[in-house]
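The sequence shown begins at 1 in full-length UniProt numbering and counts up one residue at a time.
For each residue, glycine too, the CB sits at the ideal point set by N, CA and C.
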Amino acid sequence: MEPEVYRRKLPHIQPLLGTFFVTYRLHNSIPVHVKQQLLDKFQAEKARVIRLENHSIKIIDELNRRYFGQFDALLDLCAYCPAYLLDNGVAQIVTDSLHFWNDERIDLIAYCIMPNHVHAAFTLITETTKSGRANSLKQLMHSIKSYSAHEANKVLKVNGDFWEEETYDRLVRDSDELRRIVRYILTNPVKAGLCCDWKNWKWTYINPEYDEFS
Numbered sequence: 001m002e003p004e005v006y007r008r009k010l011p012h013i014q015p016l017l018g019t020f021f022v023t024y025r026l027h028n029s030i031p032v033h034v035k036q037q038l039l040d041k042f043q044a045e046k047a048r049v050i051r052l053e054n055h056s057i058k059i060i061d062e063l064n065r066r067y068f069g070q071f072d073a074l075l076d077l078c079a080y081c082p083a084y085l086l087d088n089g090v091a092q093i094v095t096d097s098l099h100f101w102n103d104e105r106i107d108l109i110a111y112c113i114m115p116n117h118v119h120a121a122f123t124l125i126t127e128t129t130k131s132g133r134a135n136s137l138k139q140l141m142h143s144i145k146s147y148s149a150h151e152a153n154k155v156l157k158v159n160g161d162f163w164e165e166e167t168y169d170r171l172v173r174d175s176d177e178l179r180r181i182v183r184y185i186l187t188n189p190v191k192a193g194l195c196c197d198w199k200n201w202k203w204t205y206i207n208p209e210y211d212e213f214s
């Protein structure tokens, strides 16, 4: 099967079999105007770099990483919306939604549930689901987010959007990058000041097969 391409604000190319780093967040966890300011700054810098004759993919990739780091730092402040994911019942729902597809549609590598967002790394392990549909990242994330949103709203006794619609995703290129990403996921609670050791954060997970990456 060919890679799936879809558009929302930016085009995404998602191989049907690939390892991905994804981040998804609570609705309104960053106000639209704050995110837009950050995005405008990033796009202006990216346009400036592209105009340079000697620019490289490596430089653009570094800009992308810097933008994501600033974006994630805003999430770590947890300043704009309720920290629903600190609720143990809600966090357990999110955990269950990630493990549900493990070994059937994905090889779950690592994740961390923060107060208002989730980081996860996994590999898509089949091109089609049991129902015959393409096992695309887009469809997988829709399933994970839809189920967890529905169940979390029931626990919290609230209505309306739970997750932000768009998901950040990055295709992992090699084992060295995966190692860096796993470390980033595991240490996010420490960086955010939630604990001193990632092993003490209840909602952090690493597949035992990837322990060497921790």
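Cβ of residue i within 8 Å of Cβ of residue j?
{"i": "residue 147", "j": "residue 182", "result": "no"}
{"i": "residue 23", "j": "residue 121", "result": "no"}
{"i": "residue 94", "j": "residue 113", "result": "yes"}
{"i": "residue 164", "j": "residue 26", "result": "yes"}
{"i": "residue 80", "j": "residue 156", "result": "no"}
{"i": "residue 86", "j": "residue 115", "result": "yes"}
{"i": "residue 207", "j": "residue 91", "result": "no"}
{"i": "residue 124", "j": "residue 137", "result": "yes"}
Suppose you measure from the CA of residue i to the CA of residue j; what does that come to, to the nearest Å?
{"i": "residue 290", "j": "residue 98", "result": "This structure gives no information on residue 290, because the portion of the chain shown stretches from 1 to 214."}
{"i": "residue 17", "j": "residue 89", "result": "32 Å"}
{"i": "residue 217", "j": "residue 54", "result": "No answer is possible for residue 217: it lies beyond the span of the chain, which begins at 1 and ends at 214."}
{"i": "residue 50", "j": "residue 70", "result": "21 Å"}
Does residue i pass the burial test, meaning 16 or more other C-beta atoms within 10 Å, or should it be called exposed?
{"i": "residue 173", "result": "exposed"}
{"i": "residue 204", "result": "buried"}
{"i": "residue 47", "result": "exposed"}
{"i": "residue 56", "result": "exposed"}
{"i": "residue 175", "result": "exposed"}
{"i": "residue 135", "result": "buried"}
Who does residue i pair with in a DSSP beta bridge?
{"i": "residue 30", "result": "According to DSSP, residue 30 bridges with nothing at all."}
{"i": "residue 102", "result": "106"}
{"i": "residue 112", "result": "119 and 204"}
{"i": "residue 22", "result": "120 and 169"}
{"i": "residue 134", "result": "128"}
{"i": "residue 163", "result": "26"}
### Message
When you compare the segment 35 to 43 with the segment 183 to 195, are there three or more beta-carbon pairs, one atom per stretch, that lie closer than 8 Å?
### Response
Fewer than three pairs of CB atoms, one per stretch, sit closer than 8 Å, so the segment 35 to 43 makes no contact with the segment 183 to 195.
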